[in-house]
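Read through the structure below, which is laid out as structure tokens, and then see the notes.
Residue numbers (the numbering used here): 160 to 347.
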């Protein structure tokens, strides 16, 4: 049985001896920890601290999934994906999901339900992403944030299977694959 919490049969953790700031940016911070491994050896661990994020699998009343063709500077290209964003200080994940959906798509959710919460890459970051299903989405009347480098791409729900199947049309980012697979699994 898979366990998500710490248990007595987990491998031992490294002991943190000291911590210093490595970098403070507008969206992420890097913490550098000096640790002692169970073997007694000392080493450093660089941790990208992140406030948390959300991803939204948004389905309209006419059964279209709202995807975005979005430019991503770190990889130098655009990808097709689900709306997502970072939590603001003190913001609840559900409120963030509603805000990001409207900012990125111009749509408002009729209902919103959490589907999963996971660590995006626990080998180097503490970021936890919560994936939501937003149902009965309708145009909110607002414009998409002009600073977002995105184009809205509604895809019929019946065609989502091609985006999770191996091949040239497969979605190329983890949050989108996870969100779409959860959507298909739950047959929402």
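Glycine included, C-beta positions come from ideal geometry on N, C-alpha and C.
Which of the three DSSP states, helix, strand or coil, is assigned to residue i?
i: residue 200; result: coil
i: residue 188; result: strand
i: residue 176; result: strand
i: residue 284; result: strand
i: residue 335; result: helix
i: residue 308; result: coil
i: residue 293; result: strand
i: residue 327; result: coil
i: residue 181; result: strand
To the nearest angstrom, how far is the alpha carbon of residue i from that of residue j?
i: residue 282; j: residue 206; result: 8 Å
i: residue 265; j: residue 307; result: 12 Å
i: residue 329; j: residue 335; result: 10 Å
i: residue 304; j: residue 258; result: 11 Å
i: residue 170; j: residue 289; result: 26 Å
i: residue 191; j: residue 202; result: 10 Å
i: residue 237; j: residue 342; result: 23 Å
i: residue 339; j: residue 189; result: 31 Å
i: residue 131; j: residue 252; result: As shown, the chain starts at 160 and ends at 347. That puts residue 131 outside it, with no answer to give.
i: residue 167; j: residue 267; result: 45 Å
i: residue 180; j: residue 332; result: 29 Å
i: residue 243; j: residue 327; result: 23 Å
Using alpha carbons as the reference points, say which of the options lies closest to residue i.
i: residue 302; options: 287, 261 and 278; result: 261
i: residue 250; options: 211, 292, 189 and 311; result: 211
i: residue 310; options: 270, 228 and 267; result: 228
i: residue 176; options: 194, 204 and 217; result: 194
i: residue 292; options: 280, 298 and 270; result: 270
i: residue 222; options: 340, 295, 322 and 254; result: 295
i: residue 213; options: 331, 199 and 337; result: 337
i: residue 316; options: 218, 326, 182 and 286; result: 218
i: residue 204; options: 220, 178 and 187; result: 178
So, for residue i: in the same chain, excluding its five sequence neighbours on each side, which residues have a beta-carbon less than 6 Å away from its beta-carbon?
i: residue 314; result: 224 and 226
i: residue 199; result: none
Suppose the cutoff is 7 Å on Cβ atoms and the five residues either side in sequence are ignored; what does the same chain contact list for residue i look like?
i: residue 196; result: 173 and 202
i: residue 298; result: 265 and 266
Task: Contained beta strand (DSSP E) runs [length at least 3] in the segment 198 to 277, N- to C-terminal order - done: 201 to 208, 212 to 219, 223 to 231, 236 to 240 and 243 to 245
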